Amino acid sequence: MLTRAPRKRELLGEPQLSQPPSKKNRLDKQAERSFRRRNLQEVLDELCLRVESNDRQLTNNLIREIDTEHVRVIRDKDFAKSCTKLIKACLTSKIETVSNKMFACLMGMFARGSLQRRKDFVFSLQEVCEGLSQAIKEPAKILPDPRRIVETSNFDSGAESDTDSEASNKKPADFKPRIEDILPMDEEEDEISMIDALYLKPNLDSGVLTIYTMVLREKIIQADEVPEKIKLCARRSLAYSSISSTANRTAAIDFHVALAISSSSSTSEEESAAQCESLLTRLAGDRDFRVRKSAAEGLLALSNVFKLSKATYQLAKTHMADSDSDIRIAAIKLLIFYANRRGEEEIEGTNKKLYDDAFSSICDAINDIEIGVRVEAAKKLGDFEQVSEELIYQTLDKKMMRSTTNQQVVKVQQSLFALSKKASTNRDRRWKFAKKAPKMQESRGGWSRGKELNASVPSEEEKKKNGVEGAEKNDDDDDNEEEESIIPHGACGAFVSALEDEFMDVRKAAVYSLGRLACTRPTFAVSALEYLADMFNDEMADVRLDAINALTPLIAHGQINSEQLNVISKCLDDAMPEARQAMRELLKRAQFVDLNCIEMCVKALLSCLKRFPKDKDEIYGCMADIGKNHGVQVQSIMRSLLDIHLIFHTRESSIEDQEYVGKLIMVLNAAAFQPSMVHFMPEFVHRHYRFLRNASPNLVRPIRVLDEEKQIGRCSKSDEKTNEKAEEVVMNTYYRLCNVTATAQLVDRNIQRDEIFRDTSAISLYNSSVSGAARLIFCLGEVSSHVDSITNTVLRGGELTNVKQLIGQSIEDMQSIEHQFSGISMQIHSYLIYCRVYLSFLDMLIWMMQVMTSQIDVCNAGQLIIQDSKIIIEDGPFREISDELSTFLASCEQIFSVGDQRNPIGLEEKRKIITPTTLVNLLDKSIPKLPLKFPSAGSIHLKYARITNPNKDSAVENVLKFFAHLPHGIPLEFDLFNMKVDELDSVRIKTVHPDGQFDVMRPRIEEIRNENSHFSVTTQVKVTCSSPWSEPAEIDVIIGVLANNIFVPLFASPSCFSSAHVRVRIHPHSR
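Position 318 of the sequence shown, counted from 1, bears residue number 318 in the UniProt record's numbering, the numbering being contiguous throughout.
Encoded structure:
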């Protein structure tokens, strides 16, 4: 008896049920598992059918398919059609949850469309849509009475909005449906637009308002282009009060804010802003924190465009005590707005300035329980433009401060907690004034509230009016008065609490704000020095670095003593190179109190030099600036620094001793400003000065006394003449290169170019001021030599075996020249493009001579070369090109111009046939020539990179071992010269393995720091291998830039023709 087949087989109608299923191999199973994504339009058509049939399960499956497979990859040409179908499906759906899901997919598609497509779609919503009126008749027949929304909100707040027939029977007995009068059910009803249909779907109000908020913020449409029914939807959403309608209210708030900001006319702008502000202040007290958050963020957005009223300030202060952290953060930003815009105004009922009140409120937030609030409060403290001196000093001391009759601020040795206690039986005499005021004096001292120094309390003013003046108060009255007149407790030790916070972000923000406030207040900067110096011992490297950067500009306001120097000098031993360099920059600007500080600083710098030899140049520069700034102090300790004996002859130190060179640089820079030191120096110091002056003129400043002895000081004018003569030599060399083409024989031309190559190499080696121009002439000579030899080979009937490879390499070299130099003129740039296009046509000529091709292929190839050249010109730094290049491109377009591509037979009949001879005649009379005008030699600079770590010698000797299959980082430090800021994004690091494979990586932006004359990069090069090696091998690490997806290596120095690279010996091994 045959077994019954599964239901699926019955549906498929398979006849052979008794036979066993055929076995399939593994490849067939994999083929079955593979599937192809369906077309979006097919899915949308099926979705519309399922929505009409009210099939909830299949509709949800189709919505899930659209959301996961099509929303994020929608094509621009399918945007309008897909959005229109999806919104029609939303409007015709009878189930609210289904329509909400579909509208969420629509919002995802809308966010990924182009600006023009989104604008067209938004305007298309106002057009009449055929068939939409009939489609929405059935779900819009019975609608709840709007007057009963508030009454029934408590009933349906927790339930789903898409109620079916069973859920509809469970409504309260007093619920009476009514026939909606908006849409009559007549058969002859006029067609409506999608905006009208969306107005009849209250469940879609949140999504519709979000879309219009998005287009208003992106300025796709203006405020007067918003339909009136969309505004009615926003008003209807704000009328809800249930918790389930929070999304509608928040969307309506965002819509009103965007509408107010995008108001075009100036007359209605203030009215709309005032109405929006009034609406937001009313909704700021809502019971739902999400509505309050949207209102606070809306006020913050309005504050960036409009000037808010003063009444909103009290609302911002109220939000500082809100239970939601995001609302408190928005309130902090609002307080900053009022403090900087309307800070001079006074708080009603008090004499306190608004910026002082805002400062105290934000200081309160330093002790907030949420980390984000504390970070925002600590960061915004530095944005205050005006703060009272008494209040800002209180932030550095947790002890209360009071004012006396002599207007002196005195610390009170009692805690804030004790001051807040009123039922204190033990009276402490420390609460007494430092000095008693005279009885007949009108103004008297008292506890200050931080609002105004020496302000009298209200009770005192009342007693003066009543004539109770001059009577001496007892101790009890004093205590009560003092408790009322205490400074606001928020400012007490606000920065101290933030600097002691357990989270790094709070400490970083506090360091930043303290530095900003101290920059514009010299007296406060003196007090802030101690607190910033204490942060040098923080456990986090980022906090230490920020503390150093914050303290550096404050050094000019005070002097560093030995205790402070002992604390901050520990950063010179930091493992982080950025922290060490920032500390050296601080020491360059510092002013030391005594000789002991100079000796401690020298000792710390030499210890850093011993531990980090790669920082030698930076340490020498720091010691040079210290010697320049402290010439008198260095003169006092010169004998101890150079080991000079008063009686016996001093033994000459080796110039290769790094510690001696560092001390000598400090002494010589001090002698540049204290010439009397020269007479106490040994003779060998004079010789070392001349050596260092010539070797490192940027480290050793000229000493007039020593220069006059050897006639060195009179070389300034001769140096100018030398530079002028060098520029003249460079220009003559370039003119010689231009005249090479006048020679008839190729061999003679190559001999002349070789002589020019030797001259330019010598100029770039011995004269740094014109080395860039000399190197450019050398490269242009190579380009002209390659073009000359290739042209002679192709057009004069030479051997074409390796010419195509030579053409490709020459084009890459020309692309490299454009990015290896800065200051290239338009004529040189046009010449390089001319040579590239010319070589491309030579390559095409070789192809035509070797392969029989149709005229269409020839025209397409020529048009492609011309189109690529135009793209290169548009993307280049110059929009203009030389006349020779424009003439050559015009001649090429005339030859390779294409008529009707769809009629190739007519094309060959009408046009003249393009033969290799045609192209030979064109190229023979259009050989590129160097422009006669050369830019100024001093304006041309070579971009080069100098690798400082790892050392080229030690990197090859030492083997770097790591596990295979795991990434490993090689520390790499290098300097970039003659680079612009916008060119740093193109810097790349290329690693070449022994098997020819290579990896290219880009250093992070934060790893690049700007020095005085160059950029320094400190990064790690990722090295990984897929399998272990049997023995060590070398990899090549090259520094370069990425231009048009081509890696262009940078040179190692202006006088070196090799690329900036270092060879590292590695050995990946197994575990």
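Heads up, the beta-carbon is just placed ideally off N, CA and C, and yes, glycines get one too. Just so you know, these numbers come straight off a predicted model, no measurement behind them.
Query: In whole angstroms, what separates the C-alpha of I1005 from that of I253?; Result: 38 angstroms
Query: Given residue 1074, which residues of its chain have a CB within under 6 angstroms of its CB, disregarding the five upstream and five downstream residues?; Result: Examination of residue 1074 is not possible in this model, given that the chain is present from 1 through 1071 alone.
Query: So, does the stretch 1051-1069 touch the stretch 937-953, judging by three or more C-beta pairs under 8 angstroms?; Result: yes
Query: Below 8 angstroms, how does it come out for the stretch 751-769 and the stretch 950-967: are there three or more Cβ pairs, yes or no?; Result: no
Query: By Cβ distance below 6 angstroms, which residues in the same chain neighbour Q386 in space, the five residues on each side in sequence not counted?; Result: G343 and Y355
Query: Alpha carbon to alpha carbon, how far is V375 from V511? Give it in angstroms, no decimals.; Result: 11 angstroms
Query: Residues in its own chain within less than 8 angstroms of D324 by CB, not counting five upstream and five downstream?; Result: F289, R292 and K293
Query: If distances are taken between C-alpha atoms only, which option among A579, S527 and I777 comes closest to I548?; Result: A579
Query: If you compare alpha carbons, which of R1071, G808, L391 and Q894 is closest to L966?; Result: R1071
Query: Judging by CA-CA distance, which residue of S769, L780, R507 and A296 is the nearest neighbour of D736?; Result: Note that residue 736 corresponds to Arg in the displayed sequence, not to Asp. Considering only alpha carbons, the answer is L780.
Query: What is the DSSP secondary structure of R1002, reduced to helix, strand or coil?; Result: coil
Query: In chain order, what residues of the same chain have a beta carbon less than 7 angstroms from the beta carbon of I873, not counting five sequence neighbours either side?; Result: I833 and I881
Query: Let me know the secondary structure DSSP gives R147 once reduced to three states.; Result: Confidence is the limiting factor: at R147 the pLDDT is only 41, short of 50, which leaves the residue's position unreliable, though a coordinate-based value still follows. In this structure, R147 counts as helix in the three-state DSSP scheme.
Query: So, with DSSP's three-state summary, where would you put S1059?; Result: strand
Query: Three or more C-beta pairs under 8 angstroms: does that hold for the stretch 645-662 against the stretch 613-623?; Result: yes
Query: May I ask you to report which of helix, strand or coil DSSP gives R701?; Result: coil
Query: Have a look at K310, F821, H993 and K85 and flag the residue whose alpha-carbon is nearest the alpha-carbon of C129.; Result: K85
Query: Strictly by DSSP, which residues pair up with D1036?; Result: V992 and R1063
Query: Around the Cβ of V257, are there at least 16 other Cβ atoms within 10 angstroms (buried) or fewer (exposed)?; Result: buried
Query: Using only alpha-carbon positions, find the residue among E69, Y199 and N203 that is nearest to K101.; Result: N203
Query: Out of S1027, F503, I1008 and N1012, point me to the one whose CA is closest to T1019's CA.; Result: I1008
Query: Could you give the DSSP three-state label for E481: helix, strand or coil?; Result: Residue placement at E481 is flagged as unreliable, the pLDDT there being 42, under the threshold of 50; the coordinate-derived value follows with that caveat. If DSSP states are grouped into helix, strand and coil, E481 belongs with the helices.
Query: Could you check the C-alpha separation between V305 and G298 for me, to the nearest Å?; Result: 11 angstroms
Query: Counting Cβ pairs, one atom from each stretch, are 3 or more of them under 8 angstroms apart for the stretch 206-222 and the stretch 102-118?; Result: yes
Query: Three or more C-beta pairs closer than 8 angstroms, one from the stretch 626-635 and one from the stretch 590-598: is that the case here?; Result: yes
Query: What is the rounded straight-line gap between the Cα of E630 and the Cα of F648?; Result: Checking the sequence shown, residue 630 turns out to be His, not Glu. Each residue's alpha carbon lies about 28 angstroms from the other.
Query: Select from L806, Q564, E69 and H557 the residue whose C-alpha is nearest the C-alpha of R589.; Result: H557
Query: From D615 to R1063, what distance separates their C-alpha atoms?; Result: 21 angstroms
Query: Sort L641, E656 and N698 by Cα distance to P682 and report the nearest one.; Result: L641
Query: Let's see if you can read the secondary structure: which residues bound the alpha helix (DSSP H) around E390?; Result: E389 to Q394
Query: Taking all protein chains shown into account, do 16 or more other C-beta atoms lie within 10 angstroms of the C-beta of A575, making it buried, or fewer, making it exposed?; Result: exposed
Query: According to DSSP, is T948 helix, strand or coil?; Result: strand
Query: Taking only the alpha-carbon atoms, compute the straight-line gap between T991 and I1035 and give it to the nearest angstrom.; Result: 7 angstroms
Query: Please confirm if the stretch 911-925 is in contact with the stretch 829-849, defined as three or more CB-CB distances below 8 angstroms between the two stretches.; Result: yes
Query: Buried or exposed: where does S891 fall if 16 or more other Cβ atoms within 10 Å of its Cβ makes it buried?; Result: exposed
Query: Taking the runs of the beta strand (DSSP E) that are 3 residues or longer, which of them lie wholly in the stretch 663-703?; Result: none
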